[in-house]
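UniProt numbering puts the first residue of the sequence shown at 1, with every later residue one more than the last. The C-beta atom is built at its ideal place from N, Cα and C for all residues, glycine as well. These figures come from a predicted structure and were not determined experimentally. Working notes for the structure below.
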Amino acid sequence: MASQSGTRHLTPAERRTAYELLLQSSSNGRLKYGALKDVAAHLKCHWKTISRTSIVRHMQETKRLKSRASYIKPMLTEDNTRARLDFAKSFDRLMPSGNHAFVNMNEYVHVEVALRAAKSKQFITQVMFLAAVARPRFDHTKKAYFDGKVGVWPFVVVQPAKRNSKNRAKGTPAVVPQVVDGEVYKKAIIDKTTRALTAV
(Lines of atoms letter the chains of each structure in order from A and count residues from 1; the text may use other names and numbers.)
(Lines give C-alpha, C1' and ligand atoms only; values in the text may rest on other atoms or scores of the structure.)
Protein backbone atom coordinates (compact mmCIF):
# COMPACT_ATOMS: atom_id res chain seq x y z
CA MET A 1 0.00 0.00 0.00
CA ALA A 2 1.36 3.42 -0.95
CA SER A 3 0.74 6.65 0.93
CA GLN A 4 -0.01 10.03 -0.61
CA SER A 5 3.72 10.87 -0.50
CA GLY A 6 4.55 7.76 -2.54
CA THR A 7 6.11 5.81 0.34
CA ARG A 8 4.89 2.24 0.55
CA HIS A 9 3.63 0.92 3.88
CA LEU A 10 4.30 -2.68 4.83
CA THR A 11 1.44 -5.04 5.49
CA PRO A 12 1.34 -6.96 8.79
CA ALA A 13 2.56 -10.08 6.98
CA GLU A 14 5.46 -8.17 5.43
CA ARG A 15 6.36 -6.69 8.80
CA ARG A 16 6.48 -10.18 10.24
CA THR A 17 8.72 -11.31 7.39
CA ALA A 18 11.01 -8.31 7.90
CA TYR A 19 11.15 -9.07 11.60
CA GLU A 20 12.19 -12.68 11.01
CA LEU A 21 14.79 -11.75 8.38
CA LEU A 22 16.31 -9.07 10.60
CA LEU A 23 16.57 -11.53 13.47
CA GLN A 24 18.32 -14.03 11.21
CA SER A 25 20.84 -11.42 10.07
CA SER A 26 21.54 -10.09 13.57
CA SER A 27 24.44 -11.16 15.75
CA ASN A 28 24.45 -10.54 19.50
CA GLY A 29 21.65 -8.02 19.15
CA ARG A 30 23.32 -6.05 16.33
CA LEU A 31 22.35 -5.98 12.67
CA LYS A 32 24.97 -6.92 10.11
CA TYR A 33 26.12 -4.33 7.59
CA GLY A 34 23.72 -4.14 4.66
CA ALA A 35 20.95 -6.09 6.43
CA LEU A 36 18.35 -3.37 5.86
CA LYS A 37 19.07 -3.23 2.12
CA ASP A 38 18.92 -7.01 1.82
CA VAL A 39 15.54 -7.16 3.57
CA ALA A 40 14.26 -4.23 1.50
CA ALA A 41 15.31 -5.99 -1.70
CA HIS A 42 13.51 -9.13 -0.58
CA LEU A 43 10.29 -7.17 0.10
CA LYS A 44 10.72 -4.94 -2.99
CA CYS A 45 10.66 -1.68 -1.05
CA HIS A 46 13.07 1.11 -0.16
CA TRP A 47 15.49 0.46 2.70
CA LYS A 48 14.12 3.52 4.53
CA THR A 49 10.76 1.76 4.67
CA ILE A 50 12.44 -0.93 6.77
CA SER A 51 14.47 1.49 8.88
CA ARG A 52 11.45 3.49 10.03
CA THR A 53 9.47 0.50 11.23
CA SER A 54 8.97 -0.01 14.94
CA ILE A 55 10.76 -3.37 14.63
CA VAL A 56 14.11 -1.71 13.94
CA ARG A 57 13.58 0.87 16.67
CA HIS A 58 12.82 -1.94 19.10
CA MET A 59 15.98 -3.84 18.15
CA GLN A 60 18.10 -0.69 18.46
CA GLU A 61 16.72 0.20 21.88
CA THR A 62 16.69 -3.24 23.48
CA LYS A 63 19.72 -4.67 21.59
CA ARG A 64 18.33 -8.17 21.89
CA LEU A 65 15.10 -9.97 22.70
CA LYS A 66 15.11 -10.92 26.33
CA SER A 67 12.74 -11.92 29.08
CA ARG A 68 11.44 -9.35 31.52
CA ALA A 69 12.38 -11.31 34.61
CA SER A 70 14.18 -9.56 37.43
CA TYR A 71 17.24 -11.29 38.82
CA ILE A 72 18.02 -8.60 41.40
CA LYS A 73 18.40 -10.17 44.81
CA PRO A 74 17.22 -8.23 47.87
CA MET A 75 19.99 -7.11 50.20
CA LEU A 76 18.84 -9.06 53.24
CA THR A 77 20.92 -9.31 56.36
CA GLU A 78 21.05 -12.42 58.51
CA ASP A 79 18.59 -10.79 60.92
CA ASN A 80 16.18 -10.04 58.06
CA THR A 81 16.36 -13.61 56.83
CA ARG A 82 15.85 -14.99 60.32
CA ALA A 83 12.87 -12.69 60.92
CA ARG A 84 11.25 -13.81 57.66
CA LEU A 85 11.79 -17.44 58.55
CA ASP A 86 10.29 -16.94 62.01
CA PHE A 87 7.29 -15.20 60.44
CA ALA A 88 6.71 -18.12 58.07
CA LYS A 89 7.12 -20.65 60.89
CA SER A 90 4.49 -18.80 62.94
CA PHE A 91 1.84 -20.18 60.56
CA ASP A 92 2.91 -23.78 61.18
CA ARG A 93 0.58 -25.81 63.38
CA LEU A 94 1.18 -29.22 64.96
CA MET A 95 -1.69 -31.56 64.13
CA PRO A 96 -3.01 -34.24 66.54
CA SER A 97 -1.55 -36.88 64.22
CA GLY A 98 1.92 -35.44 64.78
CA ASN A 99 2.18 -33.92 61.31
CA HIS A 100 2.67 -30.23 60.59
CA ALA A 101 0.30 -28.09 58.51
CA PHE A 102 0.00 -24.41 57.69
CA VAL A 103 -3.06 -22.42 58.71
CA ASN A 104 -5.68 -21.89 56.00
CA MET A 105 -5.08 -18.09 55.95
CA ASN A 106 -8.83 -17.42 55.85
CA GLU A 107 -8.51 -14.87 58.65
CA TYR A 108 -5.70 -12.86 57.05
CA VAL A 109 -5.84 -9.87 54.70
CA HIS A 110 -2.77 -8.87 52.69
CA VAL A 111 -2.28 -5.14 52.21
CA GLU A 112 0.09 -3.62 49.65
CA VAL A 113 0.91 -0.01 48.78
CA ALA A 114 2.10 0.67 45.23
CA LEU A 115 2.71 3.61 42.91
CA ARG A 116 0.69 3.91 39.73
CA ALA A 117 0.85 6.44 36.90
CA ALA A 118 -2.33 8.45 36.46
CA LYS A 119 -2.84 9.86 32.97
CA SER A 120 -2.87 13.63 32.65
CA LYS A 121 -2.86 16.02 29.71
CA GLN A 122 0.11 17.94 31.10
CA PHE A 123 2.21 15.36 32.93
CA ILE A 124 2.18 11.88 34.42
CA THR A 125 1.27 12.02 38.09
CA GLN A 126 2.47 9.29 40.43
CA VAL A 127 -0.45 8.25 42.63
CA MET A 128 -0.08 5.82 45.52
CA PHE A 129 -2.75 3.14 45.89
CA LEU A 130 -3.71 0.89 48.80
CA ALA A 131 -4.71 -2.62 47.72
CA ALA A 132 -6.11 -5.35 49.96
CA VAL A 133 -6.67 -9.00 49.05
CA ALA A 134 -7.51 -12.15 50.97
CA ARG A 135 -7.64 -15.83 50.21
CA PRO A 136 -10.46 -16.75 47.77
CA ARG A 137 -13.07 -19.02 49.33
CA PHE A 138 -16.67 -20.14 49.23
CA ASP A 139 -18.94 -18.31 51.68
CA HIS A 140 -21.33 -20.92 53.02
CA THR A 141 -23.40 -18.24 54.78
CA LYS A 142 -24.08 -16.21 51.62
CA LYS A 143 -23.92 -19.24 49.33
CA ALA A 144 -21.52 -17.33 47.10
CA TYR A 145 -17.87 -17.48 46.07
CA PHE A 146 -15.56 -14.73 47.36
CA ASP A 147 -12.79 -13.99 44.84
CA GLY A 148 -10.45 -12.52 47.47
CA LYS A 149 -10.53 -8.96 46.11
CA VAL A 150 -11.21 -6.57 48.97
CA GLY A 151 -10.55 -3.27 47.21
CA VAL A 152 -8.13 -0.70 45.79
CA TRP A 153 -8.10 2.91 47.02
CA PRO A 154 -6.01 5.85 45.78
CA PHE A 155 -4.27 8.22 48.17
CA VAL A 156 -5.65 11.47 46.77
CA VAL A 157 -7.25 14.61 48.18
CA VAL A 158 -9.47 17.28 46.65
CA GLN A 159 -7.91 20.74 46.80
CA PRO A 160 -8.74 24.04 45.08
CA ALA A 161 -6.64 24.75 42.00
CA LYS A 162 -3.82 27.17 42.79
CA ARG A 163 -3.76 28.90 39.38
CA ASN A 164 -5.88 29.46 36.30
CA SER A 165 -5.61 27.27 33.23
CA LYS A 166 -7.54 26.75 30.02
CA ASN A 167 -9.24 23.71 31.57
CA ARG A 168 -10.30 25.16 34.93
CA ALA A 169 -10.38 28.40 36.86
CA LYS A 170 -8.42 29.13 40.01
CA GLY A 171 -10.15 27.71 43.06
CA THR A 172 -11.88 24.87 41.18
CA PRO A 173 -11.75 21.61 43.19
CA ALA A 174 -9.04 19.34 41.75
CA VAL A 175 -7.83 15.86 42.68
CA VAL A 176 -4.15 15.83 43.70
CA PRO A 177 -1.89 13.09 45.13
CA GLN A 178 -1.82 12.84 48.91
CA VAL A 179 1.34 12.77 51.00
CA VAL A 180 1.25 9.39 52.76
CA ASP A 181 2.69 9.06 56.26
CA GLY A 182 1.97 6.76 59.17
CA GLU A 183 -1.22 8.52 60.23
CA VAL A 184 -2.64 8.64 56.70
CA TYR A 185 -1.84 4.96 56.19
CA LYS A 186 -3.46 4.00 59.52
CA LYS A 187 -6.56 6.03 58.71
CA ALA A 188 -6.85 4.34 55.30
CA ILE A 189 -6.60 0.90 56.91
CA ILE A 190 -9.33 1.72 59.44
CA ASP A 191 -11.70 3.75 57.27
CA LYS A 192 -11.39 1.89 53.97
CA THR A 193 -10.03 -1.61 54.43
CA THR A 194 -11.94 -2.39 57.62
CA ARG A 195 -15.22 -1.07 56.22
CA ALA A 196 -14.74 -3.01 53.01
CA LEU A 197 -14.13 -6.20 54.98
CA THR A 198 -17.31 -5.59 56.97
CA ALA A 199 -19.29 -5.20 53.76
CA VAL A 200 -17.86 -8.35 52.16
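Task: Residues near V103 in its chain [Cβ-Cβ closer than 7 angstroms; skip 5 each side] - done: Once the five neighbours on either side are set aside, the close Cβ partners of V103 are F91, R93.
Open item on the list: Can you check which of these residues, V176, N80, T77, A188, is closest to A132 by C-alpha distance?
Closed with: Closest option to A132, Cα to Cα, is A188.
Open item on the list: Looking at the secondary structure, which residues open and close the beta strand (DSSP E) in which V157 lies?
Closed with: Per DSSP, the unbroken beta strand (DSSP E) holding V157 starts and ends at 156-160.
TODO: Classify E112 as buried or exposed, calling it buried when 16 or more other Cβ atoms lie within 10 Å of its own Cβ.
DONE: Exposed, by the Cβ-count rule.
Task: A114 - DSSP class collapsed to helix/strand/coil - done: Of the three classes helix, strand and coil, the one that applies to A114 here is strand, per DSSP.
- [ ] Count the other C-beta atoms from every protein chain shown that fall within 10 angstroms of the C-beta of T49, then say buried if there are 16 or more, exposed otherwise.
- [x] Note on T49: 16 or more other CB atoms within 10 angstroms of its CB, so buried under the neighbour-count rule.
Open item on the list: With the cut-off set at 8 angstroms, would you say G171 and P154 are in Cβ contact?
Closed with: With a cutoff of 8 angstroms on beta-carbon distance, G171 and P154 are scored as not near each other.
- [ ] Kindly list the residues whose CB is nearer than 7 angstroms to the CB of E183, restricted to its own chain and excluding five residues on each side of it in sequence; keep chain order.
- [x] Scanning its chain for C-beta atoms nearer than 7 angstroms, with the 5 sequence neighbours on each side dropped, one finds no residue around E183.
Open item on the list: Contact defined as beta carbons within less than 8 angstroms: I believe V150 pairs with V109. What is the distance between those atoms, to the nearest angstrom?
Closed with: 6 angstroms between Cβ atoms; contact.
- [ ] Give the range of the alpha helix (DSSP H) segment to which Y185 is assigned.
- [x] Per DSSP, Y185 belongs to the alpha helix (DSSP H) from 182-188.
- [ ] Determine the extent of the alpha helix (DSSP H) in which Y19 is found, giving its start and end residues.
- [x] Element bounds for Y19: 12-24.
Open item on the list: Once DSSP output is grouped into helix, strand and coil, what is the label at L94?
Closed with: L94 falls in the strand class under three-state DSSP.
Open item on the list: My output table needs one value for H42: the three-state DSSP class, helix, strand or coil.
Closed with: The three-state secondary structure of H42, taken from DSSP, is helix.
Open item on the list: Judging by CA-CA distance, which residue of V176, M128, L22 is the nearest neighbour of Y33?
Closed with: Nearest to Y33 by alpha-carbon distance, out of V176, M128, L22, is L22.
Open item on the list: I believe S25 touches D38 by the beta-carbon criterion, under 8 angstroms. Please report the beta-carbon distance rounded to the nearest angstrom.
Closed with: Between S25 and D38 the beta-carbon gap is near 7 angstroms, inside 8 angstroms, which marks them as a contact.
TODO: Drop a sphere of 10 angstroms on the beta-carbon of E14, count the other beta-carbons inside from all chains shown, and report buried for 16 or more, exposed for fewer.
DONE: Classification of E14: buried, given that the 10 Å Cβ count is 16 or more.
Task: Helix, strand or coil at A196 according to DSSP, with G and I counted as helix - done: Annotated three-state conformation of A196 is helix, per DSSP.
- [ ] Drop a sphere of 10 angstroms on the beta-carbon of A101, count the other beta-carbons inside from all chains shown, and report buried for 16 or more, exposed for fewer.
- [x] Exposed: under 16 other Cβ atoms inside 10 Å.
Open item on the list: For a quick check, are the C-beta atoms of N106 and R137 less than 8 angstroms apart?
Closed with: Their beta carbons are under 8 angstroms apart, which means N106 touches R137 by this criterion.
- [ ] Write down the C-beta distance between T17 and L36 rounded to the nearest angstrom, noting that I regard them as a contact closer than 8 angstroms.
- [x] With a Cβ gap of about 14 angstroms, T17 and L36 do not count as contacting.
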